[in-house]
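Below: the structure, in structure tokens.
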Amino acid sequence: MANRCASPEELDKLRQEILSKRDPNRLAIAVCAGTGCQTYGAVNVYNAFVQEIQNQGLEDKIDVRATGCHGFCEKGVVVVAYPEEVSYVKVKPEDVPDVVKAVANKEVLERLLYVDPVSGKKIAREPDIPFYKHQSRIVFGNNKLMDPKKIEDYIALGGYSALAKALGKMTPDQVLDEVDKADLRGRGGGGFPAGKKWRETKAAPGEPKYAVVNCDEGDPGAYMDRSLMEGNPHSVIEGLALCGYAIGANQGYVYVRQEYPLACENLNIAIQQAEELGLLGDNILGSGFSFKVGVHRGAGAFVSGESSALMSAIEGRVGEPRLKYIHTAVSGIKGRPTNLNNVETYAAVTLIIDKGADWFRSIGTEGSKGTKIFSLVGKVNNTGLVEIPMGMTLSEIIYDIGGGILKGREFKGVQTGGPSGGIIPAQHLDTPVDFDELDKLGSMMGSGGMVVMDEDTCMVDVARYFVDFLAGESCGKCIPCREGLRLLNRVLTDICNGEGKPGDVELIEEVAEVMADASLCALGSTAANPVLTTLKYFRDEYEAHINEKRCPAKFCKALTSYYIDPEKCQACLICLRNCPAGAIQGEKGVVHWIDQNKCTSCGVCYDVCPPRFDAVVKISGEPVPPPPPPGTKVSRKKEG
Amino acid sequence: MSEMVTLEIDGKKVEAEEGATVLEAAKGAGIDIPTLCVHEKLKPYGACRMCSVEVDSRGKTKVVASCGYPVEEGLVVRTRTPRIEKIRKLLIELVSPQTIFDGDVPGQLRILADKYGADVHRFQERLNVKPQRCILCGLCVRYCDEVLGSPAIGFVGRGIDRRVVFYPERAKKVFAAGMEWATEVCPTGKIGAESDGTYFGFTVDDFLAGEL
Amino acid sequence: MAGVSALVGKVVDSYGKDKDMLIQVLLDLQRGFGWLPAEALAEVSKQLRVPLTRVYQVATFYKAFSLSPKGKHAVAVCVGTACQVRGAPRLVDRIGDQLDLKPGETSADMRFSLETVNCLGCCALGPVMVVDGVYHSNPSTEELERIFEAAR
Chain A
1 MANRCASPEE
11 LDKLRQEILS
21 KRDPNRLAIA
31 VCAGTGCQTY
41 GAVNVYNAFV
51 QEIQNQGLED
61 KIDVRATGCH
71 GFCEKGVVVV
81 AYPEEVSYVK
91 VKPEDVPDVV
101 KAVANKEVLE
111 RLLYVDPVSG
121 KKIAREPDIP
131 FYKHQSRIVF
141 GNNKLMDPKK
151 IEDYIALGGY
161 SALAKALGKM
171 TPDQVLDEVD
181 KADLRGRGGG
191 GFPAGKKWRE
201 TKAAPGEPKY
211 AVVNCDEGDP
221 GAYMDRSLME
231 GNPHSVIEGL
241 ALCGYAIGAN
251 QGYVYVRQEY
261 PLACENLNIA
271 IQQAEELGLL
281 GDNILGSGFS
291 FKVGVHRGAG
301 AFVSGESSAL
311 MSAIEGRVGE
321 PRLKYIHTAV
331 SGIKGRPTNL
341 NNVETYAAVT
351 LIIDKGADWF
361 RSIGTEGSKG
371 TKIFSLVGKV
381 NNTGLVEIPM
391 GMTLSEIIYD
401 IGGGILKGRE
411 FKGVQTGGPS
421 GGIIPAQHLD
431 TPVDFDELDK
441 LGSMMGSGGM
451 VVMDEDTCMV
461 DVARYFVDFL
471 AGESCGKCIP
481 CREGLRLLNR
491 VLTDICNGEG
501 KPGDVELIEE
511 VAEVMADASL
521 CALGSTAANP
531 VLTTLKYFRD
541 EYEAHINEKR
551 CPAKFCKALT
561 SYYIDPEKCQ
571 ACLICLRNCP
581 AGAIQGEKGV
591 VHWIDQNKCT
601 SCGVCYDVCP
611 PRFDAVVKIS
621 GEPVPPPPPP
631 GTKVSRKKEG
Chain B
641 MSEMVTLEID
651 GKKVEAEEGA
661 TVLEAAKGAG
671 IDIPTLCVHE
681 KLKPYGACRM
691 CSVEVDSRGK
701 TKVVASCGYP
711 VEEGLVVRTR
721 TPRIEKIRKL
731 LIELVSPQTI
741 FDGDVPGQLR
751 ILADKYGADV
761 HRFQERLNVK
771 PQRCILCGLC
781 VRYCDEVLGS
791 PAIGFVGRGI
801 DRRVVFYPER
811 AKKVFAAGME
821 WATEVCPTGK
831 IGAESDGTYF
841 GFTVDDFLAG
851 EL
Chain C
853 MAGVSALVGK
863 VVDSYGKDKD
873 MLIQVLLDLQ
883 RGFGWLPAEA
893 LAEVSKQLRV
903 PLTRVYQVAT
913 FYKAFSLSPK
923 GKHAVAVCVG
933 TACQVRGAPR
943 LVDRIGDQLD
953 LKPGETSADM
963 RFSLETVNCL
973 GCCALGPVMV
983 VDGVYHSNPS
993 TEELERIFEA
1003 AR
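Going down the list, the protein sequences come from chains A, B and C. Our numbering numbers the first residue of the first sequence as 1 and each following residue consecutively. Our numbering numbers the first residue of the second sequence as 641 and each following residue consecutively. Our numbering numbers the first residue of the third sequence as 853 and each following residue consecutively.
Below, the structure is given as structure tokens:
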């Protein structure tokens, strides 16, 4: 490893040294090693590449690296071959010898290429794949170009030049002005102007000051921060140090949830490597500015992501919110001024200081500058992390990038903002993604979770799911949230079980209003949002559940029965064998039927019935037809 | 040394020291705001939310807990509006099932229920909880901690599983001199009914055994 | 138990006996013991000089901590939104049927503990089950049998 850089010039020199040893035209294979791809076996794939290249004596010709998350999680393990940027998807260890051969011969291995589901064509180059083509990966893009455990990679990409520029050529006020000018709004969910928060912290009396990264990322279905922290922790650390310099804080903390072990690991390595090079710690780059970064792991509480709760946790106290009429920017950790921002916000700060506020402002909309990373998940074809310029519409994200709905089902709604957010139905798909536009619809940007739902999703169950989640996460301190969620959970569960009562909708609205007004923190005050938005756009589903004991999506177990259509059943025995309740009768050649007394409505038969037969039917709100007479033979389907 | 600010509460001009809370300012002006988790010797906690009031500040109206909201020059406060009454009524109704004993809610809650027209049995059947006789106001916990400096009673758990429990070894020492203060601060009567200085009806071990 | 006091001492010292690090200390002890025995909590209070009430308040507040011994094999099912939408509750039922456990329970023979967990961040694999740190995507009934049988 190189020596400490005692000045910005020495850092430049180090960067040139690193680059001089790197040939951009060199053959290289990048294996995505984010948690998602690791689940698919990325480590085995990486090891297989190292082994195979060694076996073929190609170490001098082909580099291999394990990189941060590429974002195309649906297609893991993702491998990219350089310099042509050929993208190979769903790579397994067995595929490795063929890939190495193709790379060595400068050929393309057709069978592992991405196939566009619409055109049916294979696409070789990553930038041409629609999933990537429509994105603007200014924050996330470096993930795939670096090994997060190697600071040299980050430096080679220009890393820490923003910090060097700030410490060498800018005053703290100039750094703050630049962030302010960029109109950067917090990416954690609140959308509060970062520059304004920094100013408040800087102006507040009290020493020492603190700068903190919120990497708690509690919204279920959101994992942008995890991938950024795993894949490029330096971009966040650099932004944090820039904040410290701007506001006068010499101590930073990263609060990271313990459910992210790889992010914790890579973060700790990054901090250590940065300190060794004099990019963190005492007298950074000889500037006289010192900044130390400590890591605090969370211990499994969604509410601890709330700012005052998070700061209590950093003090070693229980991570529950406290009265916060005095902002944490003024009185935070141990009563001192503390700036808290999200992971993505700090990463954006690094870019803003590097390329300037004007550049940042050229992207996005009037009210929402820059880009936003979303985790596009649920009933969508291309599940993954996408970074888009603010102003792109929901439709473009879900269809152009996301590839549309799984199995060709019909879009029903997209949930944004996590448990504090709301459902956006089809009629608003052309809404541009923008803080204020999403607020207007009753939802919110949130931290970036974007869950796509289709016609098989029951909106009442979605509301129940979020309320149930929050009821389990409420700290329990204040009456409206603790008892309000207890009651809402009871009522929504009753409704999904067919035990809803007339007046339940009005009761939900009454409780929601009091929770919104009177809760101690935003967990309680926004808890009713998913219920209220589903009521706004899908009231008919609530009414069907309560008045007709019917679930229009045919999802709620207590209200849904399964029936095998005797005209379609081909007696293949698959459902019979898979039924966990042993509720299906029949034999080869004799149509199967479900004994309703034994059926638990688990839905396995519906899932396993071969699509070409499509014989299992879901019924809700109507009586189930009686079973066919015993021994009924199958009616042979006409071919052609 | 402290500057004075002028605010308006229920149409009345009130002067208060900078740094005071709206609740303190109101009390000083003889305006009564209900509370369940406030004690003059303890820091504001913000758990019961009964002290909620409407405030107009910087052109916006919002509902805040007056026990913690600092006074501002020109602040306009309304302590009894339909929006506030609705909140207080529902808060009592929501917390009542926890506190019903011998068919009714105890002391302070009964008074508040009458004042705000709350039906204490409204959610009793639907929620079907075993009454803990505790509203988790934290007065006992906080008094022991902040005033006596000798924590012998504390919070455990989270959400609807949150409980107040004694730590018997410490509690025996702390309450050797008697339990009067604890019995007095408890708004539901649970402490007086279930402990006596040597016997403690709800301990941390009871909680861990799943008995609470 | 001499072992408990020594391990607590080692962990507390590694954080410079800093009270602010209470949660970090407990996380390391949870990993070291597999749970948080009462004796360990008493030692933490003593060595870190933090009131016992606060130690228990923290230990009982967070999902990462268990105050009773856990099964040898941790089985976790993600119930994040994306997995929910892709059928996590059904997976929980199927696993529960095989192991005869409800989420939060540990089998009588101490072999398995089942729990539901918040989003693991691998939504493309949903619904996800993790056994002893190994991730499985929508395992079939046969796969479940194989996995649980293999875990000894």
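Ideal Cβ positions, reconstructed from N, Cα and C, are used throughout, including at glycine.
Please determine, among the options, the residue with the shortest C-alpha to C-alpha distance to residue i.
| i | options | result |
| --- | --- | --- |
| C688 (chain B) | B:S736, B:S697, B:G659, B:T823 | B:S736 |
| P610 (chain A) | A:G603, A:K588, A:I574, A:K92 | A:I574 |
| V212 (chain A) | A:G248, A:E178, A:G231, A:D183 | A:G248 |
| E506 (chain A) | A:R482, A:S620, A:V531, A:H234 | A:V531 |
| E712 (chain B) | B:E765, B:K652, B:A660 | B:A660 |
| I671 (chain B) | B:F795, B:R718, B:Y709, B:I751 | B:R718 |
| P827 (chain B) | B:E733, B:L749, B:R782, B:A656 | B:L749 |
| V678 (chain B) | B:G850, B:L788, B:R782 | B:R782 |
| R65 (chain A) | A:E10, A:A166, A:R577, A:A33 | A:A33 |
| P193 (chain A) | A:G168, A:N341, A:K165 | A:N341 |
| T39 (chain A) | C:V937, C:T958, C:A976 | C:A976 |
Over the uninterrupted alpha helix (DSSP H) stretch that includes residue i, give me the two end residues.
| i | result |
| --- | --- |
| E178 (chain A) | 172-181 |
| G653 (chain B) | A small fix is needed here, since residue 653 (chain B) is Lys in this sequence, not Gly. Note, K653 (chain B): premise wrong, no alpha helix (DSSP H); beta strand (DSSP E) at 652-657. |
| M224 (chain A) | 224-231 |
| D696 (chain B) | Taken as a continuous stretch (DSSP letters only), D696 (chain B) belongs to no alpha helix (DSSP H), being part of the beta strand (DSSP E) at 692-697. |
How would you write the range of the beta strand (DSSP E) that residue i sits in, first residue to last?
| i | result |
| --- | --- |
| G794 (chain B) | 793-796 |
| S308 (chain A) | S308 (chain A) -> not in any beta strand (DSSP E); alpha helix (DSSP H) instead, spanning 307-314. |
| A249 (chain A) | 249-256 |
| Q641 (chain A) | What the structure shows of chain A is the stretch from 1 to 640, and residue 641 (chain A) is not part of that stretch, so it cannot be assessed. |
| E648 (chain B) | 644-649 |
In three-state terms, what does DSSP make of residue i?
| i | result |
| --- | --- |
| A661 (chain A) | In this structure chain A extends from 1 to 640, so residue 661 (chain A) is not present and cannot be described. |
| C575 (chain A) | helix |
| L19 (chain A) | helix |
| P389 (chain A) | strand |
| F291 (chain A) | strand |
| W593 (chain A) | strand |
| I724 (chain B) | helix |
| S897 (chain C) | helix |
| G640 (chain A) | Annotation note: pLDDT 43 at G640 (chain A) (below 50); position unreliable, coordinate value reported separately. G640 (chain A) falls in the coil class under three-state DSSP. |
| H70 (chain A) | coil |
| E765 (chain B) | helix |
Tell me, please, whether the CB atom of residue i is closer than 8 Å to any CB atom in chain F?
| i | result |
| --- | --- |
| Y807 (chain B) | Within the model displayed, chain F is absent; protein chains A, B and C are what it includes. |
Anything in the region 500-518 of chain A with a Cβ closer than 8 Å to a Cβ of chain B? List those residues in chain order, please.
E510, V511, E513, V514, D517, A518
Along the region 786-804 of chain B, what residues have a CB closer than 8 Å to any CB found in chain C?
P791, A792, I793, G794, F795, V796, G797, R798
Should the region 803-819 of chain B be regarded as contacting the region 836-845 of chain B, the criterion being three or more beta carbon pairs within less than 8 Å?
yes
Please list, in chain order, the residues of the region 975-999 of chain C that have any C-beta partner in chain A closer than 8 Å.
C975, A976, L977, G978, V980, Y987, S989, T993
Does the count of Cβ pairs from the region 522-531 of chain A and the region 738-749 of chain B closer than 8 Å reach three?
no
Given 8 Å, three or more beta-carbon pairs between the region 317-327 of chain A and the region 147-161 of chain A:
no
Take every Cβ of the region 985-992 of chain C, pair it with every Cβ of the region 392-410 of chain A, and state whether three or more of those distances are shorter than 8 Å.
no
Touch check for the region 22-33 of chain A and the region 77-97 of chain A: three-plus C-beta pairs under 8 Å?
yes
Check each residue of the region 879-901 of chain C: if its Cβ is closer than 9 Å to any Cβ of chain B, include it; give the result in chain order.
A890
For the region 474-489 of chain A, which residues have a CB atom closer than 7 Å to at least one CB atom of chain B, in sequence order?
S474, C475, G476, K477, C478, I479, P480, R482, E483, G484, R486, L487
Cβ contact (3+ pairs, closer than 8 Å) linking the region 263-278 of chain A and the region 289-298 of chain A
yes
Check whether the region 8-19 of chain A and the region 46-63 of chain A are in contact - that is, three or more C-beta pairs closer than 8 Å.
no
Quick one: any contact between the region 296-308 of chain A and the region 231-246 of chain A, if contact means 3 or more CB pairs under 8 Å?
no
Report the residues of the region 370-401 of chain A with a CB closer than 8 Å to any CB of chain C, ordered along the chain.
S375, V377, G378, K379, T383, G384
Count the C-beta pairs between the region 895-913 of chain C and the region 952-961 of chain C that are closer than 8 Å, then say yes if the count reaches three, no if not.
no
Determine which residues of the region 690-722 of chain B have a Cβ less than 7 Å from any Cβ of chain A, and write them out in chain order.
S692, V703, V704, A705, G708, Y709, P710
Could you list the residues in the region 841-852 of chain B with a C-beta less than 8 Å from some C-beta on chain C, going in chain order?
V844, F847, L848
Counting Cβ pairs closer than 8 Å, one from the region 449-457 of chain A and one from the region 212-227 of chain A, do we hit at least three?
yes
Three or more C-beta pairs below 8 Å linking the region 718-734 of chain B and the region 689-703 of chain B
yes
Please identify, using Cβ separations under 7 Å, the residues of the region 923-940 of chain C that lie next to chain B, in order along the chain.
none
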